[in-house]
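*Asks:* First the structure, which I've put down as structure tokens, then a few questions once you've had a look.
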Amino acid sequence: MTPAALSAASTGASPFWYATRAFGVVALVLLTATVILGIAGTARFATPGLPRVVTAGLHRNLSLLVLALVALHVLTTIADGYARIGLASAVVPFDSAYRGLWLGLGTVAFDMLLAVALTSLLRDRLPYRTWRGVHWLAYACWPIALWHSLGTGTDSKLPWLLALDALCVASVAGAVGWRLSLTAPGPGRAAAVTGSVLLPLATGIFVYAGPLQPHWAERAGTPAALLHTAASPGPAGGAIPATVPGPVAFAGRARKTAGPGDDSVTVTVNARVSGSPARELTIVLHGTPDGAGIEMASGSVRLATAGHTAPARGPVTVLRGHRLTAILHSQGRSQQEADLTLLVTGRSATGRLTLRPRGGA
Amino acid sequence: MNQSRGHHGAPAWSPRRAGYRRLTAGWQHTGRPADLREHHDRYGPLPAVRQQSPRALVDAIAAARLTGRGGAGFPTATKMRAVATRRGPAVVVANGVESEPASQKDQALLAWAPHLVLDGALLAARAVGANVVHVCLDRTRDRQADGVLRAITERQQAGLGDVAMLAHGLPPRYVASEETSLIRWLNGGEARPTTVPPRPFEQGVGRRPTLVNNVETLAHIALIARYGPDWFCQAGHPDTPGTMLITVGGAAGYPGVYEIEAGTRVDEVLAMCDGNNEDGALLMGGYFGTWHAARDLAHLPLSAPGLRAAGASPGAGVIFALPPGGCGLAETARILCFLAGQVAQQCGPCMFGLPAVAGDFTRLAEGRPEGDVLERLDRRLGAITGRGACRHPDGAVRMAASALAAFASDARAHAAGRPCLGAYRRGSQADRPPIPPSAAATAPWAEDEWR
Amino acid sequence: MAVRRRLRWDPAACTGHGLCADLLPERIELDEWGYPVILGDVPPGLARHARRAVRACPVLALRLQPVQEDPGGRARS
């Protein structure tokens, strides 16, 4: 296995999960463009090649596109059963169990976007001041959407996405700064300048202290069911842990030793699985060095639960990239299939484990 | 009552012998403001409600053909009926703001005879079914405010009428005395005009039908109620009955406020104040009026229909006389700079157009024109008229255009860099003719000055 | 009976953005300060463009009103 690029666990990810992240990112980028075009409109920006009607029309059409993309983003999230986000969470903020706060921010942003779009579509029937007041929500909607993306997004740590986010923040900050430079000095302008300096700063600090640090998923509020084993007692006296509905995280240390045999390497991983009861996971993999990495060929997995005498153990049957599958037996009990993703960076090892009963006794 | 002695032992005023001294009777007699007692001694008590129904009063005003004295000259009875026929309690606004710098008559009237005005307001309130009167004044005139408040208090103590009377001080801006400005301010907004709907008689102060009347109009109502429309028509001319207050300023021996019979010939009026000059020019109607050669107006009656033939209007009865040695373009330039500084800042053509025109006019007056200033002025004046929310730009443009017409030869001279006729006549005289003090260019006021 | 339409603009609301003149140059020009000058009524052929211009105004200062011409040729609006 080669030292993999950073990637959060995505065991059993359906296409919907990828789709929703894609729609989300594209929507954010287009929302950024919409906001910048809106700011250009208030600044009466126009060039011979880009008259007012074009910036205004583009602003309007892009915003509708964003609305459509966000709707798809919401629908694909609901369709993907992984995080069990329901339809209600789409419009009721902070309703979801999955990363409640960060998802809720997305809901808030979506609600704001809906309000802005609806009032704009009904502009000629509403009093001008009402439309204008609601439209100001756009200045709140964009940063909230950004923070939602950073907090909820499973890709927040990817460098290219961080770069994209930074570009978005820089462009909006630049546009706001340029717009404020055209405003007369006063308390309003001072407040706006303060806000537009603090916001990117706060975002940067948040990103550093949040998604970029390990265990963000837990801290963000990924539900226990997705992270931990539901510690319910198994069949009478059973040593085998109850089947978990989803992946469980583990973390520990990895050790590389030479042998057995010439020109082969053994990687031993000792990790603790999160949750209770405490479990120890040991993975032993054999392979041959291959350029920068190690081509693993075989291995075994051992899972010991505190309080039970007999650990479950078994050989690795499938080894593909950083994914392993192993069949675990425990004395006299039925077999279990363990799906693992493993990441080894230097001396530390992290990953996810999903246990499933294997058909038959 | 007619023969009794008045407040200070002098003969009481009698409506029969009043002639044209009606509103100014008190001042003429005592030279002081009239308190409530003196007011009742002179004019008698207010007619009681049972003596005169609201409908009867409006009919009397219609018979007297009273027109508004605030400048627009709208038939007062028509206005009152428009408000009276609306449902719900109405509001009466007494417009005493008088933001026209060349006009002093309302200030004079409020100083001498506040009770005439307040009587008229009370009667108007009865006539239209209003339960409150808002007396609007310029907030920088402290003594005036004191006087009016004193008069209101006197009436409250005497138990006069059941209509609440409130005095208000508005910002001293030229557009503030416009009807819609008053209403917007009374509703808690700024003293800026609004684009017309809804009209005041439909929805004004507090969304109630509102009657806005100049204080002089109300004073006339107070007298019509007492002495009847026939008496009212005994003075003045058949086309324009009654008396009116005028302000004469400029090159007059005795400038000030006069009460005249409506329709008096202009040269007779000027003779009263020693302001006649055949070769001079007159600004008729105030800052929104028009310039004319004095001889063009001399034989015309001072009234709206009378002056219409010459394309003029008395407006709020303001006459400014330019002496032969004066330069009409210079006066116009000063007035335009003032008006440009008084813009409500709501509408582009006025906000940018008036200062541009004022600047051009100033340079023309100083004999330092840039480019084809006359052509530019012509174009811009046409581009500003009718493109604002109120009549502010229109009035200014009309005045400026009339100056260019009345002083056409001077304009050509100035445009060519030559001195005008006035300069020749002035010769070596150092003293300039007097101009109304606020005609000097003023810096734009801060935003909060509108409230 | 042809229904012509009249363009009206609110001078107090207008702030001179100028999108109306972009979209209906046949009937709207801008004066030297950027404020609209209405050049005439809108014939049925330009009605669609006129409606676009009305919608495009950022402050909703432009309105389109029908002007009915009765057979006598006098306009009523």
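Residue numbers (our numbering), protein chains in the order written: chain A, 49 to 409; chain B, 16 to 466; chain C, 100 to 176.
Every residue gets a Cβ at the ideal spot worked out from N, C-alpha and C, and that includes glycine.
Verify the CB distance criterion: does Gly-89 (chain A) have a CB-CB separation below 8 Å to chain C?
*Replies:* As a working mapping, residue 89 (chain A) is identified with position 41 in the first sequence. At least one chain C Cβ lies under 8 Å of Gly-89 (chain A).
*Asks:* Taking 8 Å as the threshold (beta carbon to beta carbon), is Arg-171 (chain A) in contact with chain C?
*Replies:* Counting from 1 along the first sequence, the entry for residue 171 (chain A) is found at position 123. It does; some Cβ of chain C falls within 8 Å.
*Asks:* Can you check whether the C-beta of Val-101 (chain A) is within less than 8 Å of a C-beta belonging to chain C?
*Replies:* To locate residue 101 (chain A), count along the first sequence from 1; it is residue 53. Output row for Val-101 (chain A): interface = yes.
*Asks:* Nearest to Gly-111 (chain B) by CA position, among B:Ala-117, B:Ala-105, B:Asp-121 and B:Arg-102, is which residue?
*Replies:* By 1-based counting over the second sequence, the position of residue 111 (chain B) is 96. Of B:Ala-117, B:Ala-105, B:Asp-121 and B:Arg-102, the residue nearest in Cα terms is B:Asp-121.
*Asks:* For Arg-104 (chain C), count neighbouring Cβ atoms within 10 angstroms of its own Cβ and tell me buried if that reaches 16, exposed if not.
*Replies:* Here residue 104 (chain C) is taken as the residue at index 5 of the third sequence, counted from 1. When all chains shown are included, Arg-104 (chain C) counts as buried.
*Asks:* Taking the alpha carbon of Asn-228 (chain B) as the point to measure from, which residue in B:Arg-80, B:Gln-43 and B:Cys-151 has its own alpha carbon closest?
*Replies:* Residue mapping note: residue 228 (chain B) aligns to position 213 of the second sequence, counting from 1. Checking every option, the nearest Cα to that of Asn-228 (chain B) belongs to B:Cys-151.
*Asks:* In chain A, which residues lie with their C-beta within 9 Å of the C-beta of Arg-154 (chain C)?
*Replies:* One-based indexing of the third sequence puts residue 154 (chain C) at position 55. Within chain A, the residues near Arg-154 (chain C) are Arg-171 and Asp-172.
*Asks:* Find the nearest neighbour of Pro-177 (chain C) within the set C:Trp-108, C:Leu-118 and C:Leu-163, judged by alpha-carbon distance.
*Replies:* Only positions 100 to 176 of chain C appear in the structure, and residue 177 (chain C) is not among them; the question remains open.
*Asks:* Tell me the DSSP secondary structure of Ala-299 (chain A) in three-state form.
*Replies:* Here residue 299 (chain A) corresponds to residue number 251 of the first sequence, with the count starting at 1. Looking at Ala-299 (chain A) - three-state DSSP - the assignment turns out to be strand.
*Asks:* Which residues share a DSSP beta bridge with Arg-104 (chain C)?
*Replies:* The residue given as residue 104 (chain C) occupies position 5 in the third sequence. Arg-104 (chain C) is bridged to C:Val-141 and C:Pro-165.
*Asks:* With distances taken from CA atoms, which of B:Ile-236, B:Ala-126, B:Arg-207 and B:Gly-184 is nearest Leu-72 (chain B)?
*Replies:* The count along the second sequence starts at 1 and reaches residue 72 (chain B) at position 57. Checked all of B:Ile-236, B:Ala-126, B:Arg-207 and B:Gly-184; the closest Cα to Leu-72 (chain B) is B:Ile-236.
*Asks:* Am I right that Ala-88 (chain A) and Thr-103 (chain A) are in contact with their C-beta atoms under 8 Å? What's the rounded C-beta distance?
*Replies:* The sequence position of residue 88 (chain A) within the first sequence is 40, counting from 1. The sequence position of residue 103 (chain A) within the first sequence is 55, counting from 1. Confirmed, Cβ separation roughly 5 Å.
*Asks:* Is Gly-363 (chain B) close to chain C? Criterion is C-beta to C-beta, closer than 8 Å.
*Replies:* Here residue 363 (chain B) refers to the residue found at position 348 of the second sequence. It does: the Cβ of Gly-363 (chain B) has a partner Cβ on chain C nearer than 8 Å.
*Asks:* What is the DSSP secondary structure of His-183 (chain B), counted as helix, strand or coil?
*Replies:* Along the second sequence, one-based indexing puts residue 183 (chain B) at 168. DSSP places His-183 (chain B) in strand when its eight states are reduced to three.
*Asks:* Does Ala-160 (chain C) come within less than 8 Å of chain B when only Cβ atoms are used?
*Replies:* As a first step, residue 160 (chain C) is located in the third sequence; it is residue number 61 there, counting from the start. With 8 Å as the cut-off, Ala-160 (chain C) does not count as an interface residue toward chain B.
*Asks:* I want to verify the contact list: residues of chain B whose CB lies under 8 Å from the CB of Cys-113 (chain C), in sequence order.
*Replies:* Numbered from its first residue, the third sequence carries residue 113 (chain C) at position 14. What Cys-113 (chain C) touches in chain B: Cys-362 and Gly-363.
*Asks:* Whole alpha helix (DSSP H) runs in the stretch 260-312 of chain B with 4 or more residues, listed along the chain?
*Replies:* The stretch 260-312 of chain B contains these whole alpha helix (DSSP H) runs: 281-287 and 309-312.
*Asks:* Chain C partners of Arg-92 (chain A), CB-CB under 7 Å?
*Replies:* Locating residue 92 (chain A) in the first sequence gives position 44, where the first residue counts as 1. Result: His-116.
*Asks:* Contact check, Glu-131 (chain C) vs Ala-120 (chain C) under 8 Å by CB: the rounded distance?
*Replies:* The residue labelled residue 131 (chain C) in the question sits at position 32 within the third sequence. The residue labelled residue 120 (chain C) in the question sits at position 21 within the third sequence. The pair is not a contact, with the Cβ atoms about 13 Å apart (cut-off 8 Å).
*Asks:* Using C-beta distances below 8 Å, list every residue in its chain close to Ile-167 (chain B), excluding the 5 sequence neighbours before and after it, in chain order.
*Replies:* Counted from its first residue, the second sequence places residue 167 (chain B) at position 152. If we look at Ile-167 (chain B) and ignore the five residues flanking it on each side, its Cβ neighbours are Leu-133, Val-150, Met-180 and Ala-182.
*Asks:* Go ahead and label Gln-357 (chain B) buried or exposed: buried means 16 or more other beta carbons lie within 10 angstroms of its beta carbon, across all protein chains shown.
*Replies:* Indexing the second sequence from 1 puts residue 357 (chain B) at position 342. Buried: at least 16 other Cβ atoms inside 10 Å.
*Asks:* What residues in the stretch 337-364 of chain B have a beta carbon less than 8 Å from any beta carbon of chain C?
*Replies:* For the stretch 337-364 of chain B, which is checked against every Cβ of chain C, the residues closer than 8 Å are Gln-361, Cys-362, Gly-363 and Pro-364.
*Asks:* By the 7 Å beta-carbon criterion, what residues does the stretch 202-236 of chain B contribute toward chain C?
*Replies:* Residues passing the 7 Å Cβ filter: Thr-210.
*Asks:* For the ligand FMN, any of its heavy atoms closer than 7 Å to the Cβ of Pro-338 (chain B)?
*Replies:* The model on display carries no ligand, and the ligand FMN is accordingly not part of it.
*Asks:* Assuming His-149 (chain B) is part of the alpha helix (DSSP H), what are its boundary residues?
*Replies:* On the second sequence, position 134 is the one that residue 149 (chain B) refers to. No alpha helix (DSSP H) holds His-149 (chain B); the beta strand (DSSP E) holding it covers 145-153.
*Asks:* Mind listing the chain B neighbours of Asp-109 (chain C)? Cutoff is C-beta to C-beta under 7 Å, in chain order.
*Replies:* Here residue 109 (chain C) refers to the residue found at position 10 of the third sequence. What Asp-109 (chain C) touches in chain B: Thr-210.
*Asks:* So, under 8 Å CB-CB, Gln-361 (chain B) and Ala-404 (chain B) are touching, yes? Tell me the CB distance rounded to an integer number of Å.
*Replies:* Here residue 361 (chain B) is taken as the residue at index 346 of the second sequence, counted from 1. Here residue 404 (chain B) is taken as the residue at index 389 of the second sequence, counted from 1. Gln-361 (chain B) to Ala-404 (chain B), Cβ: 6 Å. Contact.
*Asks:* Out of curiosity, what's the CA-to-CA distance linking Arg-212 (chain A) and Pro-259 (chain A)?
*Replies:* Looking up residue 212 (chain A) in the first sequence gives position 164. Looking up residue 259 (chain A) in the first sequence gives position 211. The sequence given here has Leu at residue 212 (chain A), not Arg. Looking at the two C-alpha atoms, the distance is approximately 15 Å.
*Asks:* What do you get for Ala-284 (chain A), buried or exposed, if any count of 16 or more other CB atoms within 10 angstroms of its CB means buried?
*Replies:* Taking the first residue of the first sequence as 1, we reach residue 284 (chain A) at position 236. Residue confidence is low: Ala-284 (chain A) scores 39 on pLDDT, short of 50, so the model does not pin down where it sits. No coordinate-derived value is stated.
*Asks:* Which same chain residues, not among the five before or five after Tyr-329 (chain A), have their C-beta less than 6 Å away from its C-beta?
*Replies:* Here residue 329 (chain A) corresponds to residue number 281 of the first sequence, with the count starting at 1. It is worth fixing the name first, because residue 329 (chain A) is Leu in this sequence and not Tyr. Correct list, in chain order: Phe-298, Ala-319, Val-321 and Leu-351.
*Asks:* For chain C, find out if any of its Cβ atoms is closer than 8 Å to the Cβ of Arg-402 (chain B); answer yes or no.
*Replies:* Your numbering for residue 402 (chain B) matches position 387 in the second sequence. Judged by the 8 Å Cβ criterion, Arg-402 (chain B) is in contact with chain C.
*Asks:* Whose CA, out of B:Trp-127, B:Thr-255, B:Ala-266 and B:Val-230, lies closest to the CA of Trp-346 (chain B)?
*Replies:* The count along the second sequence starts at 1 and reaches residue 346 (chain B) at position 331. In the sequence as presented, Trp is not what sits at residue 346 (chain B); that position holds Glu. When each option's Cα is compared against that of Glu-346 (chain B), the closest is B:Ala-266.
*Asks:* Counting contacts by CB-CB distance shorter than 8 Å, is Ala-267 (chain B) in contact with chain C?
*Replies:* Stepping through the second sequence from its first residue, residue 267 (chain B) is reached at position 252. No, Ala-267 (chain B) lies away from the interface with chain C (no Cβ there is under 8 Å from its Cβ).
*Asks:* If you draw a straight line from the C-alpha of Ala-105 (chain B) to the C-alpha of Thr-195 (chain B), how long is it?
*Replies:* Working through the second sequence from its first residue, we reach residue 105 (chain B) at position 90. Working through the second sequence from its first residue, we reach residue 195 (chain B) at position 180. Taking the straight line joining both Cα atoms gives about 16 Å.
*Asks:* When you compare each of A:Leu-149, A:Gly-181, A:Pro-63 and A:Arg-108 to Leu-123 (chain A) by their alpha carbons, which one comes out closest?
*Replies:* Your numbering for residue 123 (chain A) matches position 75 in the first sequence. Closest by alpha carbon: A:Pro-63.
*Asks:* In chain order, which beta strand (DSSP E) runs of at least 3 residues are fully inside the stretch 67-120 of chain B?
*Replies:* Complete beta strand (DSSP E) runs here, min 3: 105-110.
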